[in-house]
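*Asks:* Under the working numbering, the first residue of the sequence shown carries the number 25, and numbering increases by one thereafter.
For each residue, glycine too, the CB sits at the ideal point set by N, CA and C.
Nothing here was measured: the structure is a model prediction, and the numbers come from that model.
Below are the structure tokens for one structure; questions will follow.
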Amino acid sequence: MSSATATQVLTDRINRIEVSATMAITAEALKMKAAGIDLADFGAGEPHFSTPQHIKAAAIEAIEKNFTRYTAVAGIPEVRKAIVDRHAADFGTNYAVDECVFSAGGKLAIFNAVEVLINHGDEVIVPVPYWVSYKDIIEFAGGTPVFVQTSEAENFRVTAAMIEAAITPKTKAIILNTPSNPSGAVLPTADLYEIVRMAHKHGVYVLLDECYVYLSFSGEIVSGASCTECKEHIIVLGSLSKTYAMTGWRAGFALGPKPIIAAMSKLQSQSTSNTASMVQRASIAALVESQDCVVEMRKDYVKLRDRILEGFKSIPGLTCTVPEGAFYVYPNISAFIGKGGITSASDLASKLLTEAHVVVVPAEPFGTTEHIRLSYAVSADVIDKGVARIREYLAKLS
């Protein structure tokens, strides 16, 4: 079957989306590693830590006790209670167990929320830069992403006024991701609350992507769901992946109004069904036992952030905002576009991979054109090696 014929066979909805940019970069890097090439890999956003031992032990115990059968689609009551209790303790929220669904990763929670909320023609406001999957998930559902441009000079800050100016009669939802992937920007608490309250006033849903909520370096861990008076228009989309170094476990969740959570559970019942039963037991251990591991990992990310930013100072022409959370830097590489045959951020990322053996993600899938994203959730040695290779390569372009 020819590629043209295959495209005609496929549905419009699958042709509306692209392969995840970060996953594509990761796949290419894996091929090069398999060929024996030494890479400085800043590509996929994945903690370099091992999953804490007490979490692994809980999963092993579940398997040994034969806790390996189907569970309720939304997750066992114990894991949902652990989620709502952790969120209540940290953010003062008041969700009930039936206002929670446990899903196979935070990405699935986002996907399901958009699928049950967004009709064809509905608009979803997305601040730029944005996580690569937002655009495709919205368009798969038939919605229209409405991008709100932010300023690098303002550290990619988005305000209620900026978002309100983008609201139309078709606006159904807003996606907020703080700390941000890719920029590491953190919404000031006052701005976050003002956006949530403004959206509530307009009857617009706020999808709070809290994947990195515990990886804020300011000393204040904040959730927009703390505005409990706006609860009917808030959907919290959470993940254990980055907080507890559990990326491969696929442990995510959503908190929200009971009818929306029920609809997400119904959709999940016809797709993945329940998350792996032993993962649910491991997630309970992560949520209810000591959170010291989270504190220690966060401290290490601050050191790694400072190390890579210090390294960037040795690269003339490269500028970078100071990320206040998550584990990404988003340097501006505009000074190098047009030099040495470099035509775009994607072109630079490709040549860094093939010629300098450094894995980065280009800006275009995040909605900007003059940046690359690096995950510094790696060892200090990888940071030093990678920065040296980038510096050497860029120097040749000058």
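To the nearest angstrom, report how far apart V246 and N179 are at their CA atoms.
*Replies:* Approximately 18 Å, taken between the alpha carbons.
*Asks:* Tell me whether K282 is buried or exposed, calling it buried when 16 or more other Cβ atoms sit within 10 Å of its Cβ.
*Replies:* By the neighbour-count rule (16 or more Cβ atoms within 10 Å), K282 is not buried but exposed.
*Asks:* Starting from D316, trace the alpha helix (DSSP H) both ways and give me its first and last residue.
*Replies:* Per DSSP, D316 belongs to the alpha helix (DSSP H) from 316-336.
*Asks:* Spell out the partners DSSP gives D233 in its beta bridges.
*Replies:* Per DSSP, N201, L261.
*Asks:* Tell me the DSSP bridge mates of Q173?
*Replies:* Answer by DSSP bridge pairing, in chain order: V152.
*Asks:* So, using beta-carbon positions, are T271 and E52 closer together than 7 Å?
*Replies:* Going by C-beta atoms, T271 is not nearer than 7 Å to E52.
*Asks:* Counting Cβ pairs, one atom from each stretch, are 3 or more of them under 8 Å apart for the segment 301-317 and the segment 149-158?
*Replies:* At 8 Å Cβ cutoff, the stretches do not touch.
*Asks:* Grouping DSSP H, G and I as helix and E and B as strand, with all else coil, what is C124?
*Replies:* Looking at C124 - three-state DSSP - the assignment turns out to be strand.
*Asks:* Expressed to the nearest angstrom, what Euclidean distance is found between the alpha-carbon atoms of M25 and T202?
*Replies:* Only weak support exists for where M25 lies, its pLDDT of 48 falling under 50; the coordinates are left without a value.
*Asks:* Between which two residues does the beta strand (DSSP E) harbouring A68 extend?
*Replies:* From DSSP, A68 is part of no beta strand (DSSP E); its letter is neither H nor E.
*Asks:* For N356, which residues does DSSP report across the bridge?
*Replies:* Answer by DSSP bridge pairing, in chain order: T343, H395.
*Asks:* What are the boundary residues of the beta strand (DSSP E) that includes L279?
*Replies:* Unbroken beta strand (DSSP E) run through L279: 276-279.
*Asks:* Between the alpha carbons of Q173 and A387, how many angstroms are there, rounded?
*Replies:* The alpha-carbon atoms of Q173 and A387 are separated by roughly 14 Å.
*Asks:* Distance, Cα to Cα, I407 vs F115?
*Replies:* Distance between the alpha carbons of I407 and F115 is about 34 Å.
*Asks:* With distances taken from CA atoms, which of I61, G280, H72, Q294 is nearest M321?
*Replies:* Answer by Cα proximity: H72.
*Asks:* Between D62 and S403, what straight-line distance do the alpha-carbon atoms span, to the nearest angstrom?
*Replies:* Looking at the two C-alpha atoms, the distance is approximately 15 Å.
*Asks:* Pick helix, strand or coil for P206, following the three-state DSSP scheme.
*Replies:* In this structure, P206 counts as coil in the three-state DSSP scheme.
*Asks:* Is K196 helix, strand or coil when you go by DSSP?
*Replies:* DSSP places K196 in strand when its eight states are reduced to three.
*Asks:* Within its chain, find whatever has a CB closer than 6 Å to the CB of I366; leave out the 5 residues flanking it on each side and keep chain order.
*Replies:* Contacts found: F360, L372.
*Asks:* Just mark Q294 as buried or exposed, buried being the case when its beta carbon has 16 or more other beta carbons within 10 Å.
*Replies:* Q294 should be labelled exposed.
*Asks:* DSSP puts G349 in a beta bridge; with which residues?
*Replies:* Answer is S240.
*Asks:* Take every Cβ of the segment 219-228, pair it with every Cβ of the segment 245-264, and state whether three or more of those distances are shorter than 8 Å.
*Replies:* Flag = yes, the segment 219-228 and the segment 245-264 touch.
*Asks:* Tell me which same chain residues have a C-beta within less than 8 Å of the C-beta of P355, skipping the five on either side of it?
*Replies:* F336, L342, T343, C344, H395, I396, L398, listed in sequence order.
*Asks:* Can you give me the start and stop residues for the alpha helix (DSSP H) that Q304 sits inside?
*Replies:* 301-312 is the span of the alpha helix (DSSP H), which, as asked, contains Q304.
*Asks:* Would you say A269 and T75 are within 7 Å of each other, going by their C-beta atoms?
*Replies:* In contact: A269 and T75 (Cβ atoms closer than 7 Å).
*Asks:* With DSSP run on the structure shown, which of helix, strand or coil describes E42?
*Replies:* The answer is coil: DSSP assigns E42 none of H, G, I, E or B.
*Asks:* Based on the DSSP secondary-structure assignment, which residues constitute the bridge partners of E379?
*Replies:* None; E379 has no bridge partner.
*Asks:* Just the C-alpha distance for I258 and L232, rounded to the nearest angstrom, thanks.
*Replies:* Near 7 Å, if we compare the C-alpha coordinates of L232 and I258.
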